[in-house]
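Anchor point for the sequence shown: position 168 equals 167 in numbering that gives the first Met the number 0, and the numbering is continuous, going up by one each time.
All residues carry an ideal CB built from backbone N, CA and C; glycine is no exception.
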Amino acid sequence: MPTDILLLDISSRCLSPYLPIPGKLALNYKKLQFRVRWVPTVEIEATCKSLGIAPTAVKPNGQPHYTLPAIIDRTDPTRAVVLSDSIPIIEYLEKTYPPPPNCDLFPPGTQALQVLFIQFPVAQILGVALGVVAMGHLAAKIEGDRADLRQRMEARFGKPFEDIEKRGAERDKVWKELEQLFKLLGDAMDKNGKGQFVMGERVRFADLALCGCLIYIKCVSPDDAWVKISSWHGGRWARYFDAFRGWMQVENPQ
0 MPTDILLLDI
10 SSRCLSPYLP
20 IPGKLALNYK
30 KLQFRVRWVP
40 TVEIEATCKS
50 LGIAPTAVKP
60 NGQPHYTLPA
70 IIDRTDPTRA
80 VVLSDSIPII
90 EYLEKTYPPP
100 PNCDLFPPGT
110 QALQVLFIQF
120 PVAQILGVAL
130 GVVAMGHLAA
140 KIEGDRADLR
150 QRMEARFGKP
160 FEDIEKRGAE
170 RDKVWKELEQ
180 LFKLLGDAMD
190 KNGKGQFVMG
200 ERVRFADLAL
210 CGCLIYIKCV
220 SPDDAWVKIS
230 SWHGGRWARY
240 FDAFRGWMQV
250 ENPQ
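This is the structure in structure tokens:
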């Protein structure tokens with residue numbers, strides 16, 4: 000439908016054709032018109048402040064913490080809606096642009112559990128995967144953002160960035176743990192009885208989060224982590240990824 004939505008997200012060297020944020024997938028899934036503005040990590044705070052985008056958290060030093068993605072929806076010319084963070088964005092899109100029957104991203108009674116799905120299974124997969132994709136993540140950053148990522152990650156882990164990614168026997172353990180996480184997830188999804196998605200035959204919010212996780216891994220480690228994951232469990236996760244290809248394109252980036 001005709002909409003005037005600006006989506007702001009973090010610049011990366013592996014932007015096209017992939018959309019590693021659930022909010023972007025949701026916009027395409029809902030067939031809403033939008034344009035994208037890519038923002039370097041080091042410019043997020045200044046950009047958000049200039050556009051009236053609220054912080055999403057508080058830093059340990061008590062200062063406001065600004066994050067992307069964010070949207071500015073000017074479809075209604077009398078008021079602009081400004082939101083940040085994927086979950087509030089998708090909640091807003093669902094309420095403002097209702098889906099066709101049976102295509103809800105949040106079917107009644109599922110929203111809390113789907114939000115938990117992001118905060119636990121998906122977050123756990125990403126956390127474990129960092130042990131084998133950290134250097135790829137650094138390489139995917141645009142040049143001006145790499146020093147910032149290095150500084151933040153070294154402060155978080157208390158070690159040089161190069162030591163965050165595992166090697167040798169420790170790396171093998173990460174692969175085994177990651178494969179087990181995907182197996183547990185797949186076994187749980189099989190309880191639906193039919194359908195390849197998290198809740199069965201229909202795409203839901205949890206699927207956008209899980210697909211975003213896979214897109215991230217494919218972007219930062221296409222020749223290593225993605226090769227392994229896409230081969231696990233009879234190619235299940237490659238087929239799952241392929242089911243979302245139609246919603247990954249950025250038609251009008253700026």
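C-beta atoms of residue i and residue j nearer than 8 Å
i    : j    : result
I4   : L26  : yes
D84  : T66  : yes
R151 : L137 : no
L209 : V226 : no
V104 : I88  : Rather than Val, the amino acid found at residue 104 in this sequence is Leu. No, Cβ-Cβ distance for L104 and I88 is not below 8 Å.
K29  : L92  : yes
L207 : L24  : yes
V335 : S11  : Absent from the model: residue 335. The displayed extent of the chain is 0 to 253, so no value can be given.
I228 : L180 : no
H232 : K182 : yes
F33  : T74  : no
DSSP state of residue i mapped onto helix, strand, coil
i    : result
G135 : helix
L183 : helix
R244 : helix
P16  : Low confidence applies to P16: its pLDDT is 45, below 50, so where it sits in the model is not reliable enough to give any reading.
V226 : helix
L82  : strand
F196 : strand
V57  : strand
P63  : strand
V202 : coil
Q253 : At Q253, the pLDDT of 42 sits below 50, so the modelled position is not reliable; the number obtained from the coordinates is stated separately. Note: Q253 maps to coil in three-state DSSP.
K29  : coil
E161 : helix
Own chain partners of residue i with C-beta closer than 6 Å, once the 5 adjacent residues on each side are dropped
i    : result
L213 : F240
Y17  : Caution is warranted here: a pLDDT of 46 is assigned to Y17, below 50, making its placement in the model unreliable, and the coordinate value is therefore given only provisionally. Excluding residues within five positions, the ones whose Cβ falls inside 6 Å are I214, C218, M247.
V314 : In the structure as shown, the chain starts at 0 and stops at 253, and residue 314 therefore has no counterpart that could be examined.
S230 : none
A56  : H64
N191 : G199
I52  : A69, V81, S83
I117 : A208
K165 : G130, V173
Whole-number beta carbon distance between residue j and residue i, since they are thought to touch under 8 Å
i    : j    : result
A128 : A224 : 6 Å
D144 : T40  : 4 Å
R170 : V131 : 6 Å
Q113 : R201 : Q113 to R201, Cβ: 12 Å. No contact.
L7   : P54  : Contact doesn't hold; Cβ gap of about 14 Å is too wide.
A242 : Q195 : 6 Å
Strand pairing of residue i, partner residues [DSSP]
i    : result
W37  : D8
D72  : I4, V80
H232 : DSSP, once it has assigned bridges, lists no residue as partnering H232.
Beta-carbon contacts of residue i that lie in its chain and below 8 Å, excluding the five residues immediately before and after
i    : result
G245 : N27
N101 : R201
C279 : For the chain, the structure presents residues 0 to 253; residue 279 sits outside this window and is missing.
I20  : D8, P68, S85, G211
CB contact below 8 Å: residue i versus chain B
i    : result
A128 : In the displayed structure, chain B is absent; only one protein chain is listed.
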